[in-house]
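Undergrad: Protein chains in written order, with this note's numbering: chain G, 5 to 300; chain F, 4 to 369.
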């Protein structure tokens, strides 16, 4: 017979579409207790930020010089008071808003731009690759904090400019990871097979490259959430990001550092919050990395 | 061995009739630049394919054999237009590819099966999605493409209801290679390039896949270019065989003629290196010594002369072209077969051709 005609023999029964790749990832990650704990922590932090005004027991801006640096457990101040006598618990709850904003906003934007640049460089190769990657190397040569400070300084102080500069700082490393993973995938035979079937570059990237490179880039980018929060607090400390008296964990950590000998536990609280958030994101990213492996 | 099946005559895409070659390759050249060692180091070129010309006839299986690094796979990739040739033209059924015949149309008619069955399937796509990708690119509706994929899976011996939704890692090597064959057939190609397609399979599975390939060839009226380093498999599969050495064609001829009486000393040495089933025919001395020379700086003249037992000074100066020593024999690129070439064997060349095999292998024939 000629294969030009599509056979419609009665043997053929319409087969239900196999469950997609991502539903498999969700199923596997939901069976990972460690990743689920991390996800629970992240959801709790987000809920805390959203409902801060109804959860917080006191006004985070109300200061009283007489109540300065109360220890943890003081009646009315379950987590003590800061150097201006403001309720630590309320400030930590409100601080989640800005800290999560600073931590979470730059990463997805940098993820999209960095992936686009890196995948283009990796797939096209040649001169395009050299042009994109060498430009990125120039940015990569600066230490990230220095670059963020320089960009923030150039753009001017303010929350938006701080977010923009952190985003710009994250694009080069994400693009690098994207480029190296794409170069690896590009050399595999299934890409050649797709090219041999006459598909264009855009279709090949969409169908064959993205699914195989986004996983590792995504995992890498998730790890940047904590770096982003720390960078943001650094910018706040230098007066380039969040300004006092706004509650933000990085800023709180910096202003409380003078009290480290008087009330070390209180002074360490904002750091503990940053630590918990970072760990939660890193553990979730690790769980996703495992779940994204089809063979597991 | 096999004649062109009847399906060829009915193929509406056929242009020149059965006498016209399906694929004609003229003077194909591909050099890969290599970076120099130092900062100002002079980079050389790897002469991966250096002036290769051959035809693939309609309905035949052309075998391509040679040591690793001889340019077999590069030739295959050049034919698929996965890499651009530096020189040379590819003519498909009378139409020059890229000029008379658009590349997209050419790619529907020529497909390839790769050696690594795992790397040639996207691990994130189900078997079914991998097979339907090509037809969908060429505008086939999804339901039709899916029906076709199921049909092809059944044709390559995989139950579509069990395998369509699976992922490549859930299949064995033989099953994956069947999927790759189905994927290649999904575009209704006329020429299938099999680049070491069965080399990575174990022997029993290899035999099954070879039989499958033979059946598919007859059913679909296919033409095969069969690249392999396994001479036994090539002998089983092919109508004609092309022997490559260091980016050039050493010998080209009917399969049985080449295997029975090789004309080129390299072919003779290759055949002598095949393990013998009969202990009394055991090869004592290695038929070929040393590695193939560096293709960055290939030997002058005949590229085989540093390893050839028939080599004479003239071999280092003149590069031989393919010559048939007598009608009906295979063509070989060897000065010993060219009259008046200056080679002592050529001078007293008389028909029939000298028995090169016995001259090379006194121990083997003793």
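Beta carbons: idealized from backbone N, C-alpha and C, even for Gly.
Which one of G:269, G:283, G:252 has the shortest CA to CA distance from residue 96 of chain G?
TA: The candidate whose alpha carbon is nearest that of residue 96 of chain G is G:252.
Undergrad: To the nearest angstrom, report how far apart residue 102 of chain F and residue 47 of chain G are at their CA atoms.
TA: Near 60 Å, if we compare the C-alpha coordinates of residue 47 of chain G and residue 102 of chain F.
Undergrad: Does the separation of the CB atoms of residue 81 of chain F and residue 31 of chain F fall below 7 Å?
TA: Their beta carbons are under 7 Å apart, which means residue 81 of chain F touches residue 31 of chain F by this criterion.
Undergrad: Measuring straight from C-alpha to C-alpha, what distance separates residue 200 of chain G and residue 55 of chain G?
TA: One C-alpha to the other measures close to 55 Å.
Undergrad: Starting from residue 228 of chain F, follow its DSSP beta bridges and name the residues at the other end.
TA: In DSSP, residue 228 of chain F forms a bridge with F:65, F:196.
Undergrad: Please tell me whether, using a cut-off of 6 Å, the distance from the CB of residue 151 of chain G to the nearest non-hydrogen atom of the ligand ADP is below it.
TA: Although the ligand ADP was asked about, the structure shown includes no ligands whatsoever.
Undergrad: Verify the CB distance criterion: does residue 10 of chain G have a CB-CB separation below 7 Å to chain F?
TA: For residue 10 of chain G, the predicted model reports a pLDDT of 44, less than 50, meaning its position is unreliable; a value from the coordinates is still stated below. Output row for residue 10 of chain G: interface = yes.
Undergrad: What residues of chain B sit near residue 216 of chain G, judged by a beta carbon separation below 9 Å?
TA: Annotation note: the requested chain B is absent from the structure, which comprises protein chains G and F.
Undergrad: Can you give me the Cβ contacts of residue 11 of chain G inside the same chain, cut-off strictly under 7 Å, excluding the 5 residues immediately before and after it?
TA: Interpretation of residue 11 of chain G is limited by its pLDDT of 43, a score under 50 that renders its predicted location unreliable; no figure is taken from the coordinates.
Undergrad: To test your reading of the DSSP string, which unbroken alpha helix (DSSP H) runs of 4 or more residues are found completely within the stretch 187-247 of chain G?
TA: 193-200, 205-208, 214-241, all fully within the stretch 187-247 of chain G.
Undergrad: If you measure from the beta carbon of residue 200 of chain F to each beta carbon in chain G, is any gap under 7 Å?
TA: Chain G, which has no Cβ nearer than 7 Å to the Cβ of residue 200 of chain F, makes this no.
Undergrad: So if DSSP puts residue 248 of chain F in a beta bridge, which residue, or which two residues, is it bridged to?
TA: In the DSSP output, where bridge partners are listed per residue, residue 248 of chain F has F:251.
Undergrad: Decide if residue 190 of chain G is buried, meaning its Cβ has at least 16 other Cβ atoms within 10 Å, or exposed.
TA: Per the 10 Å Cβ criterion, buried.
Undergrad: May I ask you to list, following chain order, the residues of the stretch 195-220 of chain G that have a beta carbon less than 7 Å from some beta carbon of chain F?
TA: Those residues of the stretch 195-220 of chain G that come within reach of chain F (Cβ to Cβ, closer than 7 Å) are 196, 197, 198, 199, 200, 201, 202, 203, 207, 211, 212, 215, 216.
Undergrad: Along chain G, in chain order, which residues have C-beta atoms closer than 9 Å to that of residue 370 of chain F?
TA: The structure shown does not extend to residue 370 of chain F, since chain F spans only 4 to 369, so no value can be given for it.
Undergrad: Alpha carbons only, please: which of G:110, G:185, G:222 is nearest the one belonging to residue 163 of chain G?
TA: Among G:110, G:185, G:222, the Cα nearest to that of residue 163 of chain G belongs to G:110.
Undergrad: Please confirm whether residue 193 of chain G has its beta-carbon closer than 7 Å to some beta-carbon of chain F.
TA: Output row for residue 193 of chain G: interface = yes.
Undergrad: Could you check which residue in G:237, G:37, G:207 has the C-alpha nearest to that of residue 137 of chain F?
TA: Among G:237, G:37, G:207, the Cα nearest to that of residue 137 of chain F is on G:207.
Undergrad: So residue 120 of chain F and residue 221 of chain F are in contact, right, with Cβ under 8 Å, and what is the actual spacing, rounded?
TA: 23 Å between Cβ atoms; not a contact.
Undergrad: Starting from residue 81 of chain G, trace the beta strand (DSSP E) both ways and give me its first and last residue.
TA: Taken as a continuous stretch (DSSP letters only), residue 81 of chain G belongs to no beta strand (DSSP E), as it is neither H nor E.
Undergrad: Residue 185 of chain G and residue 220 of chain G: beta carbons closer than 7 Å?
TA: Cβ distance < 7 Å, so residue 185 of chain G and residue 220 of chain G count as in contact.
Undergrad: Go through the stretch 97-182 of chain F residue by residue and report every complete run of the alpha helix (DSSP H) that reaches 4 residues or more, in order.
TA: If we require 4 residues or more, the alpha helix (DSSP H) runs fully inside the stretch 97-182 of chain F come out as 106-112, 130-140, 145-158, 163-166.
Undergrad: Considering only DSSP beta bridges, list what residue 316 of chain F is partnered with.
TA: BP columns for residue 316 of chain F are empty, so no partner.
Undergrad: Considering only the beta carbon of each residue, do residue 194 of chain G and residue 123 of chain F sit closer than 7 Å?
TA: For residue 194 of chain G and residue 123 of chain F, yes; Cβs fall inside 7 Å.
Undergrad: For residue 326 of chain F, which of helix, strand or coil comes out of DSSP?
TA: In the structure shown, residue 326 of chain F sits in a strand (DSSP, three-state: E or B).
Undergrad: Note down, in chain order, every chain G residue with its Cβ under 8 Å from the Cβ of residue 370 of chain F.
TA: Since the first and last residues shown for chain F are 4 and 369, residue 370 of chain F lies out of range.
Undergrad: List, from N- to C-terminal side, the alpha helix (DSSP H) runs of 4 residues or more that fit wholly inside the stretch 256-321 of chain F.
TA: The stretch 256-321 of chain F contains these whole alpha helix (DSSP H) runs: 258-263, 268-275.
Undergrad: Do the stretch 222-230 of chain F and the stretch 47-66 of chain F make contact, defined as three or more Cβ pairs closer than 8 Å?
TA: Yes: the two stretches touch, three or more of their Cβ pairs being nearer than 8 Å.
Undergrad: Could you tell me which chain G residues have their CB closer than 9 Å to the CB of residue 117 of chain F, listed as they occur along the chain?
TA: 193, 194, 196, 197, listed in chain order.
Undergrad: Among F:193, F:207, F:327, which one has its Cα closest to the Cα of residue 16 of chain F?
TA: The shortest C-alpha separation from residue 16 of chain F is found at F:193.
Undergrad: Should the stretch 179-190 of chain F be regarded as contacting the stretch 150-165 of chain F, the criterion being three or more beta carbon pairs within less than 8 Å?
TA: Segments in contact, yes.
Undergrad: What does DSSP give as the partner residues of residue 59 of chain F in its beta bridges?
TA: F:26.
Undergrad: At 7 Å on the CB atoms, spell out the chain G contacts of residue 190 of chain F, in chain order.
TA: Simply 201.
Undergrad: Against residue 85 of chain F, what residues of chain G qualify as contacts under a CB-to-CB distance less than 8 Å, listed in chain order?
TA: The contacting residues are 196, 199, 200.
Undergrad: Residues of chain G with CB under 8 Å from residue 107 of chain F, in chain order?
TA: Neighbours of residue 107 of chain F on chain G, chain order: 202.
Undergrad: Secondary structure at residue 241 of chain F, three-state DSSP: helix, strand or coil?
TA: Reduced to three states, the DSSP call for residue 241 of chain F is coil.
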